[in-house]
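Colleague:
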Amino acid sequence: MKHKRKLLVFFLSLLACLFLSACQSAKTPSKDTTQDSGSKDVKTYIQAMRDAKNMEYVSKIYRKNLLEVKGSQSLMYETTLRHGKIQFDPQVYNEFYTKDGGNGSTTDSDSDHFRSLANKIGSTGYGDTIVRLYSPEKGVLYKKIKKGDDSWTWDRVEEVIEPALKYQNIKDPEVGRHELILKLYEKYADRFKKTIDGQYIYLEFKGDVKKDIDQIGEFQNTLLDSELYTKGKNEIQSVKLHIYLSMKKDSSNKEEKLVPSEARIQLDTKLKNDKGRTVNNEDHFEFTYRDINQIKEVKAPQDFNIVEN
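Numbering-wise (the working numbering), the sequence shown opens with residue 1 and increments by one.
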């Protein structure tokens, strides 16, 4: 338990450091900012992500699904938080991973339980089980787990048998550079507004995108396992999309260039069927980047001790 607490504190400390560095890029622009179309800069952002060979990242993905039937409400939620370093080709990554989820209802005997669930969704420290992951190559994943004698050891994920099945189907990290995500940025590039503030450029899009429901569904499924845009497609009433991108001006190599520092995407979907059931679904995808193309090697954790033939 002591080791687990230390790991949790260490993980959250790492997140705090990275998020604090990102706060500057996410601050409210000053009065001296200028605004115009961000189409060209969106394309610069997209190309930089396509050209990325390695990076440090924080990925936070969470969703809220509020269902109402005949006056009673139920809430389902899930949160996945990942922080690590990744090399894309050949793929190698080393990260901390936490995932949690649950549900609540207004019919619960303790109505405060429902409100507390709604309030905690998406908070940075949510989830009390931290897993260390290391993937030395595509298709091979190791996880640091706790054994029955309270010792901690590394095992291949497919060899692990444990009650917490939520950690059995761990996918490779998606850090916001999948082509379906980048093509979504491209689709609305002409509708982004640009704000310049000192060393940062902010790009923002907001709009109703129900007419693009098929592409939105494909995008959503790159980041979440969901049937919202397949089985629920005919019940969808509205689809609101908000994309926020930021880049920092970098002149470390004597040539100024723009480097992605953050992406935040919110997808709000409302559904209603002929029986009066309504669903309000919020999907949040947040990515923070650091040291793009500056990581020489993604090394194994110091205590990784597995040697395979």
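Ideal Cβ positions, reconstructed from N, Cα and C, are used throughout, including at glycine.
Mind checking Val69: buried by the 16 CB within 10 Å criterion, or exposed?
Modeller: Classification for Val69: exposed.
Colleague: Given a cut-off of 7 Å on the beta-carbon distance, is the pair Tyr200 and Ser238 in contact?
Modeller: For Tyr200 and Ser238, no; Cβs fall outside 7 Å.
Colleague: Give me the Cα-Cα distance between Ile243 and Leu258, rounded to the nearest whole angstrom.
Modeller: Approximately 18 Å between the Cα atoms of the pair.
Colleague: On the CB-based measure, 16 or more other CB atoms within 10 Å of its CB, does Asn305 come out buried or exposed?
Modeller: Under this definition Asn305 is an exposed residue.
Colleague: Where does the unbroken alpha helix (DSSP H) through Val175 begin, and where does it stop?
Modeller: No alpha helix (DSSP H) holds Val175; DSSP gives it neither H nor E.
Colleague: Assign Gln220 to buried or exposed, taking buried as 16 or more other Cβ atoms, counted over all protein chains shown, within 10 Å of its Cβ.
Modeller: Buried: at least 16 other Cβ atoms inside 10 Å.
Colleague: Classify Leu182 as helix, strand or coil using the three-state DSSP reduction.
Modeller: Of the three classes helix, strand and coil, the one that applies to Leu182 here is helix, per DSSP.
Colleague: Can you find the residues in the same chain that come closer than 6 Å, C-beta to C-beta, to Leu66, ignoring five residues on each side of it along the sequence?
Modeller: For Leu66, where only same-chain residues beyond five positions count, the Cβ hits under 6 Å are Leu75, Asn280.
Colleague: In angstroms with no decimal places, state the Cα-to-Cα distance between Asp291 and Ser252.
Modeller: Computed Cα separation, rounded: 12 Å.
Colleague: Here's a check: name, in chain order, each residue in its chain whose Cβ is nearer than 8 Å to the Cβ of Lys233, leaving out the five neighbours to either side.
Modeller: Here the set comprises Ile213, Gly217.
Colleague: Taking Tyr45 and Tyr185 to be in contact with their CB atoms under 8 Å, please state how far apart those CB atoms are, rounded to whole angstroms.
Modeller: Contact flag correct, Cβ pair sits at about 7 Å.
Colleague: Assuming Ser37 and Asp190 are in contact, meaning their beta carbons sit under 8 Å apart, how far apart are those beta carbons, in whole angstroms?
Modeller: Ser37 to Asp190, Cβ: 7 Å. Contact.
Colleague: Could you tell me if Gly102 is buried or exposed, where buried requires 16 or more neighbouring beta carbons within 10 angstroms of its beta carbon?
Modeller: Gly102 should be labelled exposed.
Colleague: Please give the ranges of any alpha helix (DSSP H) in the region 203-228, keeping only runs that are unbroken, at least 4 residues long and fully inside the region.
Modeller: The qualifying runs are 213-221.
Colleague: Under 8 Å: do the region 45-56 and the region 269-277 share three or more Cβ pairs, one atom per stretch?
Modeller: Verdict: no, contact absent.
Colleague: Return helix, strand or coil for Thr278, following the three-state DSSP convention.
Modeller: Correct three-state label for Thr278: strand.
Colleague: Check Thr129 in the structure and name its three-state DSSP category.
Modeller: DSSP places Thr129 in coil when its eight states are reduced to three.
Colleague: Given that a residue counts as buried once 16 or more other Cβ atoms are within 10 Å of its Cβ, and exposed if not, what is Arg156?
Modeller: It counts as exposed.
Colleague: Please name the residue, chosen from Gly176, Ile86, Arg177, Ile181, that lies closest to Pro136 on a Cα-to-Cα basis.
Modeller: Measuring from the Cα of Pro136, the nearest candidate turns out to be Ile86.
Colleague: Which stretch, first to last residue, makes up the alpha helix (DSSP H) that contains Ala48?
Modeller: Element bounds for Ala48: 39-51.
Colleague: Should Lys248 and Glu256 be called a contact, given that it needs their Cβ atoms to be closer than 7 Å?
Modeller: Not a contact, by the Cβ cut-off of 7 Å.
Colleague: Between Val42 and the rest of its own chain, which residues show a CB-CB distance below 6 Å, the 5 nearest in sequence each way excluded?
Modeller: Only Tyr185, Ala189, Phe192, Leu203 meet the Cβ criterion.
Colleague: Starting from the Cα of Gln91, find the closest Cα among Glu282, Leu182, Lys171 and give me that residue.
Modeller: Nearest of Glu282, Leu182, Lys171 to Gln91, Cα basis: Lys171.
Colleague: Under 6 Å Cβ to Cβ from Ala48, same chain only, skipping five residues before and after it: list those, please.
Modeller: Taken in chain order, the residues that qualify are Pro260.
Colleague: Since Gly66 sits in a beta bridge, which residues does DSSP pair it with?
Modeller: The amino acid occupying residue 66 in the given sequence is Leu; Gly does not appear at that position. Per DSSP, Leu75, Asn280.
Colleague: Using the Cα positions of Val58 and Thr98, report the straight-line distance between them to the nearest angstrom.
Modeller: Near 12 Å, if we compare the C-alpha coordinates of Thr98 and Val58.
Colleague: DSSP state of Asn234, grouped into three classes?
Modeller: If DSSP states are grouped into helix, strand and coil, Asn234 belongs with the helices.
Colleague: Taking the alpha carbon of Glu286 as the point to measure from, which residue in Glu297, Ala263, Gly276 has its own alpha carbon closest?
Modeller: Of the candidates Glu297, Ala263, Gly276, the one whose C-alpha sits nearest the C-alpha of Glu286 is Ala263.
Colleague: Using three-state DSSP, classify Asp303 as helix, strand or coil.
Modeller: Coil at Asp303, not helix or strand.
Colleague: What does a CB cutoff of less than 6 Å around Leu141 pick up in its chain, not counting 5 residues either side in sequence?
Modeller: Contacts found: Ser135, Val157.
Colleague: Rounded to the nearest angstrom, what separates Gln294 and Lys254 at their Cα positions?
Modeller: Going from the Cα of Gln294 to the Cα of Lys254 covers about 15 Å.
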